[in-house]
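So the structure is just underneath, and the comments pick up after that.
Numbering (the UniProt record's numbering), first residue to last: 1 to 434.
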């Protein structure tokens, strides 16, 4: 778990006689820990009242929640197209700079405010710089409040640490989350960045132990290692742990044993697309590449399901028409297809949303949008209730009321500019006649 630089042959070793245990409880909120549960944020002792071993069994079947329930995030594109399941596991796919960290912080913020829940972040084998940036950004956005009440715990096992630490840091974070779920009855968010590094670290440990490698050089216990972690992430009769896991795909090979084994545990996939980000749509979620297990009329509301399916069909049709538009132009489309394009462009922009945690960077007020408002707004878009509203009024806003306010503001601004233009023309013609 730590460096072996000072160890040598015949060094005396003393067994502690126990497992690795980490502090749990509200005293851990706002603090940064390593795999052993030691605070590494230089803010003094934690003052915990209890510690728990990081190795534990998954909840028994009788203790697990029998029904699927939706975890409302307040983020329109997620709640509408790929609803998250309480106690589910979500894969977050995306390259550098497309907004994974911002989505993570917004989810932490929204779950804290909307559900009163806590979040635990596990940095598994990622860059130390990224861990520092995340901590500073969380303090700047008040997700971690040094003077008030924080809603998040950070547990780091960075890529410069030994493989043993990287292989166990996810369990340390999960143990802290389990306390909030089982003892305090909370709905907890557990973020793991990156779940591939967890598999990679266990592969290194396996090689050091001299085990014969399996497919592509991975450890023979790949499925067991991942299963022991993932099976502990679930809903119980007391609370839930919903996990959002960043998934790295080596060489973009989806059949690689590490991501392939991870996929079998996921309930939903959220794909962040660089092309969407480059078009200025944030969060840069590609709704056509995402999926959710609970996108089912037996789990979610029937109206919600129908609206979501119609939105996906419209965006799919729009994608098909883009090639025709690029070659022949939009004037060559039928009136029906022109209407589809117009509404699809509005839908695409309406899926953007200013985040509360990004207010200090964007200067725009963040919005938490209720699920009912989201479904009703997109239903109105599909039915043509807002065809008269300009496209840009739907960009980077919250609910439909924000759209109407922005459209009114744009109309007043355009009228004022037109008035100024006419005044300048009148002045120019007057000067010309003189």
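Ideal Cβ positions, reconstructed from N, Cα and C, are used throughout, including at glycine.
Decide if residue i is buried, meaning its Cβ has at least 16 other Cβ atoms within 10 Å, or exposed.
| i | result |
| --- | --- |
| residue 176 | buried |
| residue 202 | buried |
| residue 353 | buried |
| residue 303 | exposed |
| residue 256 | buried |
| residue 279 | exposed |
| residue 75 | buried |
| residue 57 | exposed |
| residue 212 | exposed |
| residue 425 | exposed |
| residue 160 | exposed |
| residue 38 | exposed |
| residue 232 | buried |
| residue 189 | buried |
| residue 110 | buried |
| residue 168 | buried |
| residue 413 | exposed |
| residue 442 | Nothing can be reported for residue 442, as the shown portion of the chain is limited to 1 through 434. |
| residue 106 | buried |
| residue 241 | buried |
| residue 79 | buried |
| residue 216 | exposed |
| residue 281 | buried |
| residue 59 | buried |
| residue 277 | buried |
From the DSSP output, which residues share a beta bridge with residue i?
| i | result |
| --- | --- |
| residue 192 | 122, 245 |
| residue 236 | 64 |
| residue 24 | 50 |
| residue 402 | None; residue 402 has no bridge partner. |
| residue 153 | 120 |
| residue 32 | 154 |
| residue 39 | 33 |
Kindly give me the distance between the Cβ atoms of residue i and residue j, rounded to whole angstroms, as I take these residues to be in contact under 8 Å.
| i | j | result |
| --- | --- | --- |
| residue 258 | residue 305 | Actually they are not in contact, since the Cβ atoms of residue 258 and residue 305 sit about 33 Å apart, beyond 8 Å. |
| residue 369 | residue 329 | Between residue 329 and residue 369 the Cβ distance is about 35 Å, and since that is not below 8 Å, they are no contact. |
| residue 292 | residue 83 | 5 Å |
| residue 371 | residue 347 | With 8 Å as the limit, residue 371 and residue 347 do not qualify as a contact, their Cβ atoms being about 17 Å apart. |
| residue 436 | residue 366 | Nothing can be reported for residue 436, as the shown portion of the chain is limited to 1 through 434. |
| residue 44 | residue 247 | The pair is not a contact, with the Cβ atoms about 36 Å apart (cut-off 8 Å). |
| residue 21 | residue 1 | Contact flag wrong, Cβ pair sits at about 13 Å. |
| residue 307 | residue 378 | 5 Å |
| residue 124 | residue 65 | Contact flag wrong, Cβ pair sits at about 26 Å. |
| residue 86 | residue 69 | 5 Å |
| residue 270 | residue 162 | Rounded, the Cβ-Cβ distance is 31 Å, inconsistent with contact. |
Rounded to a whole number of angstroms, what is the C-alpha to C-alpha distance between residue i and residue j?
| i | j | result |
| --- | --- | --- |
| residue 178 | residue 312 | 36 Å |
| residue 320 | residue 349 | 18 Å |
| residue 316 | residue 345 | 12 Å |
| residue 396 | residue 360 | 15 Å |
| residue 145 | residue 119 | 14 Å |
| residue 285 | residue 220 | 35 Å |
| residue 140 | residue 423 | 46 Å |
| residue 243 | residue 194 | 12 Å |
| residue 323 | residue 340 | 15 Å |
| residue 223 | residue 93 | 21 Å |
| residue 63 | residue 132 | 38 Å |
| residue 514 | residue 27 | This structure does not reach residue 514, given that the chain is present from 1 up to 434, and the question cannot be answered. |
| residue 14 | residue 266 | 41 Å |
| residue 376 | residue 402 | 14 Å |
| residue 200 | residue 332 | 53 Å |
| residue 295 | residue 289 | 14 Å |
| residue 411 | residue 418 | 10 Å |
| residue 174 | residue 198 | 13 Å |
| residue 30 | residue 225 | 29 Å |
| residue 42 | residue 33 | 10 Å |
| residue 272 | residue 134 | 19 Å |
| residue 184 | residue 155 | 20 Å |
| residue 454 | residue 400 | The structure shown has nothing for residue 454, since the chain only spans 1 to 434. |
| residue 431 | residue 421 | 15 Å |
| residue 405 | residue 374 | 17 Å |
| residue 182 | residue 117 | 13 Å |
| residue 115 | residue 187 | 7 Å |
| residue 268 | residue 206 | 30 Å |
| residue 214 | residue 5 | 30 Å |
Taking only beta-carbon positions, decide if residue i is within less than 7 Å of chain B.
| i | result |
| --- | --- |
| residue 282 | The chain labelled as chain B is not found in the depicted structure, where only one protein chain is given. |
Run the proximity test for residue i: is its beta-carbon closer than 6 Å to any non-hydrogen atom belonging to the ligand GTP?
| i | result |
| --- | --- |
| residue 400 | Absent from the structure shown: the ligand GTP. Ligands present: none. |
### Task
Would you list, in sequence order, the uninterrupted beta strand (DSSP E) runs of no fewer than 3 residues that lie entirely inside the region 69-145?
89-93, 119-124
### Query
If you scan the region 357-394 from start to end, which runs of the alpha helix (DSSP H) of 4 or more residues do you find wholly inside it?
359-362, 371-383
### Task
Just list the beta strand (DSSP E) runs in the region 156-202, keeping only unbroken ones of 3 residues or longer that don't cross its boundaries, in chain order.
187-193
### Message
Runs of 4 residues minimum, wholly inside the region 260-308: which ones carry the alpha helix (DSSP H) assignment?
### Response
274-278
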